[in-house]
Amino acid sequence: MSAHAEALHGGDHHGPPAANQSSRIPPTILGMFLFIGTEAMLFGSFFAAYFFVRVVNPDAPDTWPPHPFEFPKFVAGINTAILVTSSFTMHWALQSIKRNNRRGLQAGLLLTILMGSAFLLTQFIEYAHIGFNTGDGAFASVFFGLTGLHGAHVLVGLLLLTFATIRAFRGHYSPEHHHGVELPGIYWHFVDVMWIVVYVTVYLI
Amino acid sequence: MRNPFKSEESAFRFLLGTIAYFALIVIASLIATWLAFVVFIVLTCVAFAMLRGGRKQPAPGEHIEHVAVEDTWRVLVIANETLHGDRLREEIVRMSAGVAEDVLVVCPALNSKVRTWTSDEDGARDAARARLDAALETLRGAGLRVRGEIGDGDPLQALEDALRSFSADAIIISTHPAGSSNWLERGVVEAARARVDVPVTHVIGDTTISVASDEAETASRA
Numbered sequence: 001m002s003a004h005a006e007a008l009h010g011g012d013h014h015g016p017p018a019a020n021q022s023s024r025i026p027p028t029i030l031g032m033f034l035f036i037g038t039e040a041m042l043f044g045s046f047f048a049a050y051f052f053v054r055v056v057n058p059d060a061p062d063t064w065p066p067h068p069f070e071f072p073k074f075v076a077g078i079n080t081a082i083l084v085t086s087s088f089t090m091h092w093a094l095q096s097i098k099r100n101n102r103r104g105l106q107a108g109l110l111l112t113i114l115m116g117s118a119f120l121l122t123q124f125i126e127y128a129h130i131g132f133n134t135g136d137g138a139f140a141s142v143f144f145g146l147t148g149l150h151g152a153h154v155l156v157g158l159l160l161l162t163f164a165t166i167r168a169f170r171g172h173y174s175p176e177h178h179h180g181v182e183l184p185g186i187y188w189h190f191v192d193v194m195w196i197v198v199y200v201t202v203y204l205i
Numbered sequence: 206m207r208n209p210f211k212s213e214e215s216a217f218r219f220l221l222g223t224i225a226y227f228a229l230i231v232i233a234s235l236i237a238t239w240l241a242f243v244v245f246i247v248l249t250c251v252a253f254a255m256l257r258g259g260r261k262q263p264a265p266g267e268h269i270e271h272v273a274v275e276d277t278w279r280v281l282v283i284a285n286e287t288l289h290g291d292r293l294r295e296e297i298v299r300m301s302a303g304v305a306e307d308v309l310v311v312c313p314a315l316n317s318k319v320r321t322w323t324s325d326e327d328g329a330r331d332a333a334r335a336r337l338d339a340a341l342e343t344l345r346g347a348g349l350r351v352r353g354e355i356g357d358g359d360p361l362q363a364l365e366d367a368l369r370s371f372s373a374d375a376i377i378i379s380t381h382p383a384g385s386s387n388w389l390e391r392g393v394v395e396a397a398r399a400r401v402d403v404p405v406t407h408v409i410g411d412t413t414i415s416v417a418s419d420e421a422e423t424a425s426r427a
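As they're listed, the protein sequences go chains A and B.
If you read the first sequence in the numbering used here, its first letter stands for residue 1, the second for the next number, and so on.
If you read the second sequence in the numbering used here, its first letter stands for residue 206, the second for the next number, and so on.
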């Protein structure tokens, strides 16, 4: 044992030494950095495929989506509004627990789950009625790939929110300790941001 | 650079910003394609500027009280690549002349930012350990009572960490000359003087330039 360690522990220390953590970035923030990085690369690869199919490809169709297919812009727009609203309820839930308003937390989380589920359900219905399938060309593969990837993220977000909601109803979380709501909240907003990018680039532009 | 997903609140603000960003681009595209392109360029520049605007303010000065130990002159040395310098050894010997010295050499484990972020610091600690061991051998050969530690990659953090368990009477920070010293560029010496209530002496590598901050205090130790 070094002299420094002896000074700290009086030469009577048992068990493993304390973990060395030289990095001044807290592990949770570092984890979020790495997570956002991987997600950006994952979505980035899908967007690269999308722009290749639509722009770089010399055989790219003149219209998007190629004739005679159509994207349900209006329904997707309503779905976008639902998802964006769910971010507001998520934010309300977290602000509520910060003010020690447990009812607000529970209501906010439930509304967020409800709207997230409505988004997913609407997307499934959209898939069923959209009139093309993955075998109808590269554009269809990219469309289902991008929107499906996002849908998978929504599903994961709903699972996280469900866990947070169960804990909220079991009396967990307080104004001082609400990390278990904050992290799913960050994830949910990230999923919303990605959907806005997907909706604008794939459906609108 | 500001991390927009640092907290739920900042992520929510980022979402609102994203909505505004794309809404303006879509509205512009309905008017004219070139206008959408211009709006896209302008808004992207604004977004980058806002994200870069989150530069962290330097930490406020923190005064660390030290309690001197009677009859012993305790010297804390912070150095890494200049540990082998003759100038540093001479300065330690000069400070320790005629007193019962207790010298603690702290060698910050210098590391790249990416490796620091990912806590991949084994290589940096090994390199610092090798330098430290060689320097300790040299200093002990000069008759000094000296011991060493590997410190945080940030020299100021390493200094503060050491001071919490070692009540130094004097601090020596050894760096490369100005122009080739990363520590000097970051103002480590000035920050250390502002932060701790202990005389800080700056030794520059092997080039015999020494900026002693509190010569009077150093001289009065005996």
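Each residue gets a CB set at the ideal place from its N, CA and C atoms; glycine is no exception.
**Message:** So the candidates are A333/B, A340/B, S370/B; which of them puts its Cα closest to the Cα of I355/B?
**Reply:** A333/B
**Message:** Is it buried or exposed, I377/B, if we count other Cβ atoms within 10 angstroms and call 16 or more buried?
**Reply:** buried
**Asked** Between W278/B and the rest of its own chain, which residues show a CB-CB distance below 6 Å, the 5 nearest in sequence each way excluded?
**Response** V304, E306, D374, R426
**Request:** Along the alpha helix (DSSP H) that carries I113/A, what are the first and last residues, could you check?
**Result:** 102 to 129
**Request:** Go to A375/B, then tell me how far its alpha helix (DSSP H) extends in each direction, as first and last residue.
**Result:** Counting along the chain, A375/B falls outside any alpha helix (DSSP H), though it belongs to the beta strand (DSSP E) covering 375 to 380.
**Request:** Determine, using beta carbons only, whether I205/A comes closer than 8 Å to chain B.
**Result:** yes
**Message:** Quick check on I414/B: does DSSP put it in helix, strand or coil?
**Reply:** Low per-residue confidence applies at I414/B: pLDDT is 41, beneath 50, and the placement is therefore not dependable, though the value from the model is reported in the following sentence. Three-state DSSP puts I414/B in coil, outside helix and strand.
**Per-residue burial, N57/A [other beta carbons within 10 Å of its own, 16 or more giving buried]** = Under a 10 Å Cβ-count criterion, N57/A is classified as exposed, with fewer than 16 other Cβ atoms of the shown protein chains found around its own Cβ.
**Request:** Could you have a look at G180/A and say whether DSSP puts it in helix, strand or coil?
**Result:** helix
**Prompt:** Which word fits V308/B, buried or exposed, when buried means at least 16 other C-beta atoms lie within 10 angstroms of its C-beta?
**Reply:** Buried.
**Message:** Taking the alpha carbon of A76/A as the reference point, which residue from F190/A, M194/A, T122/A, T89/A has its own alpha carbon closest?
**Reply:** Of the candidates F190/A, M194/A, T122/A, T89/A, the one whose C-alpha sits nearest the C-alpha of A76/A is T122/A.
**Request:** Take the Cβ of V200/A as the centre, count every other Cβ of all protein chains shown within 10 Å, and call the residue buried at 16 or more, exposed below.
**Result:** buried
**Request:** Report yes or no: do the stretch 341 to 350 of chain B and the stretch 380 to 388 of chain B share at least 3 C-beta pairs separated by less than 8 Å?
**Result:** No, the stretch 341 to 350 of chain B is not in contact with the stretch 380 to 388 of chain B.
**Prompt:** Between which two residues does the alpha helix (DSSP H) containing T80/A stretch?
**Reply:** First-last of the alpha helix (DSSP H) with T80/A: 73 to 98.
**Prompt:** Among residues of its own chain, excluding the 5 on either side of A237/B, which ones have a beta-carbon nearer than 7 Å to its beta-carbon?
**Reply:** none
**Prompt:** Taking just the CA atoms, how far does I283/B sit from N208/B?
**Reply:** 32 Å
**Request:** Along the beta strand (DSSP E) that carries T406/B, what are the first and last residues, could you check?
**Result:** 405 to 409
**Request:** Tell me whether the beta-carbon of L155/A lies closer than 8 Å to the beta-carbon of L120/A.
**Result:** yes
**Prompt:** By the criterion of Cβ-Cβ separation under 7 Å, what are the contact partners of E182/A in chain B?
**Reply:** E182/A reaches chain B at S212, E213, counting residues in chain order whose Cβ is nearer than 7 Å.
**Message:** Please tell me whether G11/A has its Cβ less than 8 Å away from any Cβ of chain B.
**Reply:** Low confidence applies to G11/A: its pLDDT is 46, below 50, so where it sits in the model is not reliable enough to give any reading.
**Item:** 4-residue-minimum alpha helix (DSSP H) runs that sit fully inside the stretch 27 to 61 of chain A, ordered along the chain
**Value:** 27 to 51
**Asked** How far does the beta strand (DSSP E) with E306/B in it reach, from first residue to last?
**Response** 306 to 313
**Item:** Three-state class that DSSP yields for G171/A in the structure shown
**Value:** coil
**Item:** Span of the alpha helix (DSSP H), counted from its first residue to its last, around V393/B
**Value:** Residue range 393 to 400 is occupied by the alpha helix (DSSP H) that includes V393/B.
**Asked** Closer than 7 Å, Cβ to any Cβ of chain A: which residues of the stretch 317 to 337 of chain B, in chain order?
**Response** T321, W322, S324, E326
**Message:** Quick check: the Cα distance between K318/B and S324/B, rounded to an integer number of angstroms?
**Reply:** 10 Å
**Message:** So with CB distances below 9 Å, who are the chain B contacts of I36/A?
**Reply:** N208, P209, F210
**Asked** If we ignore side chains and look at the alpha-carbon of each, how far apart do V191/A and D327/B end up?
**Response** 36 Å
**Asked** Near T413/B, what residues of its chain come up, given a Cβ to Cβ distance below 8 Å and the 5 sequence neighbours on each side ignored?
**Response** Confidence in T413/B is poor, its pLDDT being 42 and thus under 50, which makes the residue's placement unreliable; the coordinate value appears in the next sentence. So the list reads R292, once near-sequence residues are dropped.
**Interfacial residues, the stretch 352 to 363 of chain B to chain A, with Cβ spacing under 8 Å** = Residues R352, E354, D357, G358, D359, Q362.
**Request:** Give a yes or no on whether the minimum CB-CB distance between V198/A and chain B is below 8 Å.
**Result:** no
**Request:** Measure from the C-beta of F217/B to each C-beta in chain A and report whether the shortest distance is under 8 Å.
**Result:** At least one chain A Cβ lies under 8 Å of F217/B.
**Message:** Counting beta carbon pairs with one atom in the stretch 165 to 178 of chain A and one in the stretch 42 to 51 of chain A, are three or more of them shorter than 8 Å?
**Reply:** no
**Prompt:** Who pairs with E354/B in a beta bridge, going by DSSP?
**Reply:** V311/B
**Message:** Are the CB atoms of G290/B and A329/B within a distance shorter than 8 Å?
**Reply:** no
**Message:** Distance check for E395/B and C312/B, CA to CA, integer angstroms please.
**Reply:** About 19 Å.
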